[in-house]
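So the structure is just underneath, and the comments pick up after that.
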Amino acid sequence: MLRALCLCAAALTLLGCDDGAPADDDAGPAVNADSGVDGGGVPPEVCMGPPTGTPPELPDPPALEPGPELDCGAPEFIGDSPLWRWPYLESVTASSARVAWTSTGGGRAVVRWAPSPDGPWQEVEATAEMFPTDRTEQARDYVGYDATLRGLSPNAAYCYEIVEDGVVLARNLRLDTAWDGTGRPVRILALGDSGSGSDDQLAVRDAFMERSLEGGEHDIFLHLGDMAYGSGTFSEFEERFFDIYQGLMHRVPVYPTMGNHEAKTDNGQPYLDVYHLPEVALREADQERYYSFDYGNAHFTVLDSNDASLIPIFLDVNGRITDDMFDWMVEDIGGSDADWQIVVMHHPFYSSSERGIRHGTVEQFRSVLEELGVDLILAGHDHHYERSVPLYGGCTDVEPRGLTEIIAGGSGASLRTIEPGQWFSAAAYNEDYSYLSLEIHGCVAHGRALNTANEVVDEFDLYGCD
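Numbering-wise (my numbering), the sequence shown opens with residue 20 and increments by one.
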């Protein structure tokens with residue numbers, strides 16, 4: 020039944036494959052009725068007023084359990100060594116963690132870890148993959164390493180270090196495992212459209228790193244896409260993502276979603292090569308383009324909104340279009356009993372930018388997310404910050420039925436014009452670059468959007484339990 024709701028009677032564009040930038044080669048299709056995009060997006064009057072019904076009273080948060088305390092020392096990355104890309108954490112669960120890095124050495128490499136600096140130490144050998152210059156078009160050959168640490172305890176901290184051919188390349192690093200339930204808040208850093216390599220990107224980075232030193236730490240790093248302008252090449256990933264966020268990602272695991280710029284090079288192959296994401300796709304060719312994970316009492320479903328073959332909003336006139344990601348998504352979200360259902364994707368549905376409302380995808384795709392009980396959508400693509408009012412069926416509504424959407428795309432690329440006062444918008448900001456800090460504790464998510472001076476430009480509470 021849910022799948023039938025998403026069949027489309029006329030060809031529609033996907034959520035949007037351009038950045039709407041008239042001054043470059045990424046201008047994309049014109050906005051028109053055939054594309055399912057409406058710059059105005061004015062609904063019937065019944066939809067525009069304050070929602071009927073009574074919002075839920077926000078409950079008191081559950082009792083806090085202490086997080087792990089562990090001092091592994093000051094992180095040290097050995098100079099004049101083969102280490103190239105610093106270690107970065109991926110796919111952290113309550114019992115495992117994946118560590119990746121690159122090296123120009125190419126020797127036997129291991130990750131050593133222990134529950135304290137004094138041990139007892141264990142080690143796991145890393146797998147290795149050669150990346151020659153004719154594959155990456157970078158200055159030198161290098162080897163990509165990754166290792167999965169297993170048998171870890173939930174809500175625990177560990178020290179770890181990187182060793183190649185018996186030589187320590189990085190030491191005094193720390194990782195924290197995930198946990199189940201509501202005992203600890205899940206602290207989320209979310210941002211998108213950052214990968215310009217500009218001073219503005221660095222200013223956002225410096226702001227959230229400064230805040231982390233003052234106690235505003237995060238447990239996971241969600242990147243909402245467009246992390247490697249202009250075309251998602253290996254060099255752009257290195258210079259505009261890994262080099263810039265390396266001081267964060269050896270401590271906080273990264274969970275990315277593919278943006279339209281990452282998809283420009285070999286259909287996103289560099290993106291697929293630099294990350295090691297859960298392989299859950301229904302077709303082998305789609306592995307790592309979409310996935311999900313759990314953290315605390317939240318379930319995150321990460322979608323690829325670039326590929327029309329993955330979402331059934333085109334007529335299947337030639338038999339080549341599949342809706343495998345959609346089928347997987349329905350099963351994935353429907354099978355989760357987490358309090359919070361959060362969808363992460365690059366392209367938003369509602370925006371106060373010139374793109375307006377993407378009506379075709381609201382009707383054919385977002386409606387299914389609403390029926391599945393999704394609580395929050397996190398997106399980028401549009402270069403500003405915005406939070407919608409709770410929406411259901413294209414109308415304002417109240418929580419928990421109403422679904423809130425947040426755009427956090429003002430994190431480095433040129434900011435865009437927005438039209439203030441849109442009926443669907445609770446807050447919109449483009450006066451400075453920004454990032455989103457979200458803390459989920461029990462049934463309440465407390466969010467703050469902060470600018471480069473760490474001034475709060477939007478603060479809100481969301482309710483996520485049915």
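For every residue, glycine included, the Cβ atom is placed at its ideal position computed from N, Cα and C.
Mapping DSSP to helix, strand and coil, what is residue i?
i, result
"Thr436", "coil"
"Pro289", "helix"
"Val417", "coil"
"Met364", "coil"
"Gly460", "The identity of residue 460 in the sequence shown is His, whereas the question assumes Gly. Residue state, collapsed to three classes: strand."
"Asp485", "coil"
"Asp45", "Note that Asp45 has pLDDT 42, beneath the 50 cutoff, so the model's placement of it is unreliable and the number below is only indicative. In the structure shown, Asp45 sits in coil (DSSP, three-state: anything other than H, G, I, E or B)."
"Val387", "helix"
"Ser372", "coil"
"Arg131", "strand"
"Thr380", "helix"
"Asp305", "helix"
"Glu298", "coil"
"Glu148", "strand"
"Gly59", "Residue placement at Gly59 is flagged as unreliable, the pLDDT there being 42, under the threshold of 50; a coordinate-derived value is accordingly withheld."
Relative to the alpha-carbon of residue i, which residue among the options has its alpha-carbon at the smallest distance?
i, options, result
"Gly354", "Phe319, Met364, Gly235", "Phe319"
"Ala128", "Ala116, Arg203, Glu109, Glu148", "Glu148"
"Asp480", "Ala464, Thr471, Leu469, Ala468", "Ala464"
"Trp198", "Arg131, Gly315, Asp356", "Gly315"
"Pro151", "Thr201, Ile396, Ser122", "Ser122"
"Glu156", "Gln383, Gly92, Phe253, Asp99", "Phe253"
"Leu102", "Gln141, Tyr164, Ala176, Trp140", "Tyr164"
"Ser324", "Ala317, Arg270, Asp342, Arg230", "Asp342"
"Ala304", "Cys91, Asn286, Pro173", "Asn286"
"Gly413", "Glu389, Gly429, Gly428", "Glu389"
"Tyr448", "Pro78, Ser370, Tyr309, Gly170", "Ser370"
"Thr196", "Gly185, Arg190, Ile352, Gly170", "Gly170"
"Gly466", "Glu180, Val143, Gly125, Pro204", "Pro204"
"Gly185", "Gly202, Tyr264, Glu142", "Glu142"
"Gly431", "His366, Ser250, His402, Arg374", "His402"
"Leu469", "Gln441, Ala427, Gly392", "Ala427"
"Gly124", "Pro139, Ala357, Val162, Tyr294", "Val162"
"Ala209", "Pro419, Ile396, Ser172, Val408", "Ile396"
"Val387", "Asp351, Cys178, Leu296, His237", "Asp351"
Specify, as a first and last residue, the run of the beta strand (DSSP E) that residue i falls within.
i, result
"Asp313", "310 to 314"
"Asp199", "Premise fails: Asp199 is in no beta strand (DSSP E) and is neither H nor E."
"Glu424", "423 to 427"
"Ile263", "Run containing Ile263: none in the beta strand (DSSP E); it sits in the alpha helix (DSSP H), 262 to 268."
"Trp120", "115 to 122"
"Ser407", "404 to 407"
"Ala472", "Premise fails: Ala472 is in no beta strand (DSSP E) and is neither H nor E."
"Arg206", "205 to 210"
"Ala317", "317 to 321"
"Cys178", "176 to 183"
"Leu108", "107 to 109"
"Asp165", "161 to 169"
Do you know how far the Cα of residue j is from the Cα of residue i?
i, j, result
"Asp219", "Leu194", "28 Å"
"Gly211", "Leu243", "4 Å"
"Tyr404", "Gly214", "16 Å"
"Leu434", "Ser114", "40 Å"
"Thr284", "Ala247", "11 Å"
"Asp160", "Asp292", "15 Å"
"Trp359", "Cys462", "8 Å"
"Asp99", "Arg385", "51 Å"
"Ala539", "Leu89", "There is simply no residue 539 to check, as the chain begins at 20 and stops at 485 in what is shown."
"Phe345", "Asp394", "18 Å"
"Arg270", "Ser444", "34 Å"
"Ala145", "Glu307", "20 Å"
"Tyr290", "Met277", "7 Å"
"Leu192", "Ile97", "12 Å"
"Arg117", "Ser110", "6 Å"
"Arg206", "Gly483", "15 Å"
"Ala398", "Thr380", "14 Å"
"Met268", "Pro106", "7 Å"
"Phe240", "Pro275", "8 Å"
"Gly126", "Thr167", "18 Å"
"Glu418", "Asp485", "9 Å"
"Val349", "Glu298", "17 Å"
Just reading off the alpha helix (DSSP H) that residue i is part of, what are its end residues?
i, result
"Asp351", "343 to 353"
"Asp451", "Asp451 -> no alpha helix (DSSP H), and no H or E assigned at all."
"Leu221", "218 to 232"
"Phe443", "First-last for Phe443: undefined, no H or E at that position."
"Arg154", "152 to 155"
"Glu255", "253 to 256"
Closer than 8 Å, CB to CB, is residue i near chain D or not?
i, result
"His237", "The structure shown contains no chain D; it is built from a single protein chain."
Shorter than 7 Å, the distance from the beta carbon of residue i to the closest heavy atom of the ligand SAM, or not?
i, result
"Val417", "Within the structure as shown, the ligand SAM is missing, as the structure has no ligands at all."
Contact the segment 426 to 440 vs the segment 471 to 479: 3+ CB pairs below 8 Å
no
Specify whether the segment 229 to 245 and the segment 128 to 141 touch according to this definition: at least 3 beta carbon pairs, one from each stretch, less than 8 Å apart.
no
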